[in-house]
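Count along the sequence shown from 1, add 178, and you get the number used in the numbering used here.
For each residue, glycine too, the CB sits at the ideal point set by N, CA and C.
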Amino acid sequence: MRSDDDRQIVRVVKKGDHGGHHGGAWKVAYADFVTALMAFFLVMWILGLNQDTRKAIAAYFNDPMGVSRMLGGGKSLPSSTHSDDALQKVSAVSMINVIRRMQQAKFAQAKKKIEQKLRKLPELKELLKYIEVKITSEGLRVELLDGPSSTFFDTGSAHLKPRTVEILRVVAAELKKLNQPIVIEGHTDRRPYSGNLQYGNWELSTDRANAARRAMAGELGPGGIAEVRGYADRMPRIPSDPYNYANRRVTILVPFKEQSGEHTVQTVKLVNGNPQRV
């Protein structure tokens, strides 16, 4: 038999469990999630602020020296007043650009939804080539373009055809989700209106825009429509051919918002005597 001195001593060492079944990886994922959530609510909060508050926040977090260099200033330190003005200008432009990009994303989604819903209606298949949905410098624009024969209205009148009403309601249902008032425009070609001498293209374009408003009002609800405009033949779609039937159209516009939350101001110039947007 072995003596007690010959016995071996075995030491068992237990290692740590490394923070549970999955280690610490969940903490990284959770931190990323919380950070993203915070950024989302921060953006939502900023969008709800007025212009002055946004400028103040932007000025607080910006580096005055960095802004001075960005604007091409010299080595000398600008005065406090000039620095504040520069910060306000830069922050205002940056905020407008951020809001514009966010709106473009929303408009792109609305455009896709409108086109998908219209394509799902078989009775509208032959009219789709006369419906144009696009994002322009003004905002989201939906246009109902007349064809060789009266496509959306009875000839020479503001009476909507049944399929036109259906189209306008589909469009209105999607635009309502943007939660932003729209502008409706009526346009004609240059052919003089025949019949009543007291009724011409100005009246016809306005009445057609107003007829579209009535068709969409049920979906958009109170406050969903900001303006109704009639342009007669003054803003042709095809300036080189003012008598072309494609100039007869109804335009539905969701304008971009400026930082103040107001509608974008349109700039119009005269081209060969005709007003054109720029």
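For the pair ALA393 and ARG347, the CB atoms are nearer than the 9 Å cut-off. Beta-bridge pairing by DSSP links LYS312 to ARG319.
DSSP places ALA214 in the helix class (H, G or I) of the three-state scheme. Cα atoms of ALA390 and VAL361: separation of roughly 11 Å, rounded to the nearest angstrom. The three-state secondary structure of GLY334, taken from DSSP, is coil. For GLY408, the three-state secondary structure derived from DSSP is strand. Here LYS298 carries a coil assignment [DSSP, helix/strand/coil].
In the three-state DSSP reduction, PRO340 falls in the helix class (H, G or I). Across the structure, TYR208 and ARG279 are spaced so that their CA atoms are roughly 28 Å apart. A direct Cα-to-Cα measurement between THR333 and PRO420 gives close to 18 Å. Apart from the 5 residues on each side of it in sequence, GLU352 sits with its Cβ closer than 6 Å to the Cβ of ALA288, LYS291, ILE292 in its chain, given in chain order.
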